[in-house]
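Residue numbers (the numbering used here), protein chains in the order written: chain A, 1 to 273; chain B, 1001 to 1260.
A quick write-up on the structure given underneath.
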């Protein structure tokens, strides 16, 4: 606690040169080493392609990979959206009554601990529309962190503030809107960031299980297909796209969280040294 | 002296509070408070002084005994009770102005009136220029001022303060003591103040109620014969020192009983 008031608004956090240069340099060195090993030992590309060949494949196979990426991303975002909506809705329902929470929460945990790879075949059998089945699989994986975090957040309101709201005769709705929901926001965003990565993983796992070919094929199917044909460079290229998507989703959700919390939450505020 | 007690505002008779765990927080408390009084509850931790405030605010109900208000039939919300907690208890996501505006928003007061009243309240605690700041940008003393502004924006008749300055450094504490005393005089509040500091209690109060523990109860009451207008000079006066000595002795007696 400082006795001197500081009126300066929170700084926007900007990455320093070292924070960008260091990982980039390390990554470049890794790729270079990889390329050198492949070239020096003349490793055939069907065993291990060098990064240069992977990059070239990404370029030449773009016509196949790009539509596949769009399919996978569509499943991911539909699942993430549904998980956010469903997780928040259920958490709000839990917040209304301890009994509902006690009764339903164990089943949410059941959903979470059952490996998606084990239920995916069943879902694909029962749900006719493969696209819907894929979204459902990804949704199951992404749903829990949002539900668990938002529930925790809604129950984390400061006790004195709860008393103050009672003292002022606040209605249930006012307490929810002005106290419990704002308290839950940072928790929700932490859950959303985890769910973003999980939705992508869920989508890929479900696609592997479904093995859909043709127009609706996602990246996971392209990896399977390339594997059957021993097209290792394309496998690497597709893998690179999935990883890049995961990083982009995480970065986007982190930015969203920062934007929403930047004025007040400790996680989004940098302090003067 | 203009501080003669007026009509009695509230009356506690044989009030006791036992918590679900079996802990007896309060036992057989009798207390009268007149409108416009500044009464301090003084005692060691666990003497139930905070419990008294919670009972008066309606945040808890007594296990035995009665609490009578002079306006017995009025709804509790209409009693206009302001509560200041030990911590500033501000909403970190809301600006200073929004924090102070909270009680008015909960009461669905019109926006234009909220703006005027919030500005007035912030002005009275000397934070007019900080309305757009966020709590994390403020010092501990300033946060407590915001908390007081939030209580006074409702134009309370009764102000309950639960060790509000305990976590502050001494200079800040003295300054806030002066502010509180000044506001009490200008606003015509009835104040119930809880503290464990003898010096703070004597400086602020017209009357001090010393409490003891196990079970929480009233040990003694002391009128404080100091002038209405108090300042730093008061702290050096012989009357102030004498009153402190008297209250300290009473507090010691109340605490000795515990170890006897």
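Every residue gets a Cβ at the ideal spot worked out from N, C-alpha and C, and that includes glycine.
So residue 1032 of chain B packs on residue 1011 of chain B, CB below 8 Å; how close in whole Å?
-> In the second chain, counting from the first residue as 1, residue 1032 of chain B sits at position 32. In the second chain, counting from the first residue as 1, residue 1011 of chain B sits at position 11. Residue 1032 of chain B to residue 1011 of chain B, Cβ: 5 Å. Contact.
C-alpha gap between residue 113 of chain A and residue 78 of chain A, whole angstroms = Here residue 113 of chain A is taken as the residue at index 113 of the first chain, counted from 1. Here residue 78 of chain A is taken as the residue at index 78 of the first chain, counted from 1. The straight-line gap from Cα to Cα measures roughly 22 Å.
Who are the Cβ neighbours of residue 1055 of chain B in its own chain at under 6 Å, not counting the five residues just before and after it?
-> Stepping through the second chain from its first residue, residue 1055 of chain B is reached at position 55. Excluding residues within five positions, the ones whose Cβ falls inside 6 Å are 1062.
For residue 1211 of chain B, the first and last residue of its enclosing beta strand (DSSP E) = Here residue 1211 of chain B is taken as the residue at index 211 of the second chain, counted from 1. It spans 1207-1212 - the beta strand (DSSP E) in which residue 1211 of chain B sits, taken as one unbroken run.
Give the secondary structure of residue 1023 of chain B by DSSP, where H, G and I count as helix, E and B as strand, and everything else as coil.
-> By 1-based counting over the second chain, the position of residue 1023 of chain B is 23. If DSSP states are grouped into helix, strand and coil, residue 1023 of chain B belongs with coil.
Among A:22, A:185, A:193, nearest to residue 250 of chain A - alpha-carbon criterion = Against the first chain, residue 250 of chain A aligns to sequence position 250. Checked all of A:22, A:185, A:193; the closest Cα to residue 250 of chain A is A:193.
Check whether the Cβ atoms of residue 1053 of chain B and residue 1162 of chain B sit closer than 8 Å, and answer yes or no.
-> On the second chain, position 53 is the one that residue 1053 of chain B refers to. On the second chain, position 162 is the one that residue 1162 of chain B refers to. In this structure, residue 1162 of chain B lies closer than 8 Å to residue 1053 of chain B by Cβ.
Report yes or no: is there a C-beta of chain A within less than 8 Å of the C-beta of residue 1192 of chain B?
-> Working through the second chain from its first residue, we reach residue 1192 of chain B at position 192. Judged by the 8 Å Cβ criterion, residue 1192 of chain B is not in contact with chain A.
Residue 258 of chain A - DSSP class collapsed to helix/strand/coil = The residue labelled residue 258 of chain A in the question sits at position 258 within the first chain. In this structure, residue 258 of chain A counts as helix in the three-state DSSP scheme.
When burial is assigned at 16 or more other CB atoms within 10 Å of the CB, is residue 1256 of chain B buried or exposed?
-> Taking the first residue of the second chain as position 1, residue 1256 of chain B is located at position 256. Exposed, because fewer than 16 other Cβ atoms sit within 10 Å of the Cβ of residue 1256 of chain B.
Local Cβ density within 10 Å of residue 19 of chain A, reported as buried at 16 or more and exposed below that | Counted from its first residue, the first chain places residue 19 of chain A at position 19. Exposed: under 16 other Cβ atoms inside 10 Å.
Indicate whether residue 160 of chain A and residue 1089 of chain B have their beta-carbon atoms separated by less than 8 Å.
-> The count along the first chain starts at 1 and reaches residue 160 of chain A at position 160. The count along the second chain starts at 1 and reaches residue 1089 of chain B at position 89. Closer than 8 Å, so yes.
With respect to the beta strand (DSSP E) encompassing residue 1016 of chain B, which residues constitute its N-terminal and C-terminal limits?
-> As a position in the second chain, residue 1016 of chain B is number 16, starting the count at 1. 1008-1018 is the span of the beta strand (DSSP E), which, as asked, contains residue 1016 of chain B.
Is the number of C-beta pairs between the stretch 131-144 of chain A and the stretch 76-95 of chain A that are closer than 8 Å three or more?
-> Using a Cβ-Cβ distance cut-off of 8 Å, the stretch 131-144 of chain A and the stretch 76-95 of chain A are in contact, since at least three pairs of beta carbons, one from each stretch, lie closer than that value.
CA-to-CA distance, residue 1068 of chain B to residue 1115 of chain B, given in whole angstroms | Reading the second chain from its first residue, position 115 is the one you call residue 1115 of chain B. Reading the second chain from its first residue, position 68 is the one you call residue 1068 of chain B. Those two C-alpha atoms are separated by around 35 Å.
Under the three-state reduction of DSSP, which class applies to residue 1222 of chain B: helix, strand or coil?
-> Here the question's residue 1222 of chain B lines up with position 222 in the second chain. Reduced to three states, the DSSP call for residue 1222 of chain B is strand.
Can you find a CB in chain A that lies within less than 8 Å of the CB of residue 1110 of chain B?
-> On the second chain, residue 1110 of chain B is found 110 positions in, with the first residue counted as 1. Not one chain A Cβ lies under 8 Å of residue 1110 of chain B.
Which residue's Cα is closest to the Cα of residue 1023 of chain B: B:1046, B:1228, B:1150, B:1251?
-> Looking up residue 1023 of chain B in the second chain gives position 23. That would be B:1046, whose Cα lies nearest to the Cα of residue 1023 of chain B.
Please name the residues in the stretch 139-169 of chain A whose beta-carbon is closer than 8 Å to at least one beta-carbon of chain B, in chain order.
-> 158, 160, 161, 163, 164, 165, 166, 167, 168, 169
Verify whether the separation of the beta carbon atoms of residue 1141 of chain B and residue 1176 of chain B is less than 8 Å.
-> Residue mapping note: residue 1141 of chain B aligns to position 141 of the second chain, counting from 1. Residue mapping note: residue 1176 of chain B aligns to position 176 of the second chain, counting from 1. Yes, Cβ-Cβ distance for residue 1141 of chain B and residue 1176 of chain B is below 8 Å.
Could you tell me the boundaries of the alpha helix (DSSP H) in which residue 1179 of chain B lies?
-> Position 179 of the second chain holds residue 1179 of chain B. Residue 1179 of chain B -> alpha helix (DSSP H) spans 1170-1187.
Residue 192 of chain A - DSSP class collapsed to helix/strand/coil | As a working note, residue 192 of chain A is residue 192 in the first chain. In the three-state reduction of the DSSP assignment, residue 192 of chain A falls in the helix class.
Which one or two residues does DSSP pair with residue 1162 of chain B in a beta bridge?
-> Locating residue 1162 of chain B in the second chain gives position 162, counting from the first residue. Answer is B:1194.
Per-residue DSSP class, three states only, for residue 163 of chain A = By one-based count along the first chain, residue 163 of chain A stands at place 163. Residue state, collapsed to three classes: helix.
Determine whether the Cβ of residue 173 of chain A lies closer than 8 Å to any Cβ atom of chain B.
-> Here residue 173 of chain A is taken as the residue at index 173 of the first chain, counted from 1. No, because no Cβ of chain B sits closer than 8 Å to the Cβ of residue 173 of chain A.
Answer with buried or exposed for residue 1245 of chain B, where buried requires no fewer than 16 other C-beta atoms within 10 angstroms of its C-beta.
-> The residue you call residue 1245 of chain B lines up with position 245 of the second chain. With fewer than 16 other Cβ atoms within 10 Å, it is exposed.
Return the bridge partner residues of residue 27 of chain A from the DSSP annotation.
-> Stepping through the first chain from its first residue, residue 27 of chain A is reached at position 27. Residue pairing by DSSP places residue 27 of chain A opposite no residue, since no beta bridge is assigned to it.
Are the CB atoms of residue 150 of chain A and residue 91 of chain A nearer to each other than 8 Å?
-> For the purposes of this step, residue 150 of chain A is identified with residue 150 of the first chain, where counting begins at 1. For the purposes of this step, residue 91 of chain A is identified with residue 91 of the first chain, where counting begins at 1. Yes, the Cβ-Cβ distance between residue 150 of chain A and residue 91 of chain A is below 8 Å.
Pull up the DSSP beta-bridge partners for residue 1217 of chain B, would you.
-> The residue given as residue 1217 of chain B occupies position 217 in the second chain. Looking at the DSSP assignment, residue 1217 of chain B forms a beta bridge with B:1212.
Extent of the continuous beta strand (DSSP E) run through residue 1085 of chain B | Mapped onto the second chain, residue 1085 of chain B falls at position 85. Element bounds for residue 1085 of chain B: n/a, residue is neither H nor E.
Tell me residue 1067 of chain B's beta-bridge partners as DSSP assigns them.
-> Reading the second chain from its first residue, position 67 is the one you call residue 1067 of chain B. Secondary-structure assignment with DSSP links residue 1067 of chain B through a beta bridge to B:1012.
In the DSSP assignment, find the beta strand (DSSP E) that holds residue 1038 of chain B and state where it starts and stops.
-> Here the question's residue 1038 of chain B lines up with position 38 in the second chain. For residue 1038 of chain B, the enclosing beta strand (DSSP E) stretches over residues 1038-1042.
Identify the continuous alpha helix (DSSP H) that holds residue 126 of chain A and give its terminal residues.
-> Reading the first chain from its first residue, position 126 is the one you call residue 126 of chain A. Element bounds for residue 126 of chain A: 116-126.
Any beta-carbon of chain A closer than 8 Å to the one on residue 1087 of chain B?
-> Stepping through the second chain from its first residue, residue 1087 of chain B is reached at position 87. It does; some Cβ of chain A falls within 8 Å.
Quick one: grab the DSSP three-state call for residue 61 of chain A.
-> For the purposes of this step, residue 61 of chain A is taken as the residue at position 61 of the first chain. Reduced to three states, the DSSP call for residue 61 of chain A is coil.
Whole-number beta carbon distance between residue 1026 of chain B and residue 163 of chain A, since they are thought to touch under 8 Å | Looking up residue 163 of chain A in the first chain gives position 163. Looking up residue 1026 of chain B in the second chain gives position 26. About 18 Å separates the two Cβ atoms, so there is no contact after all.
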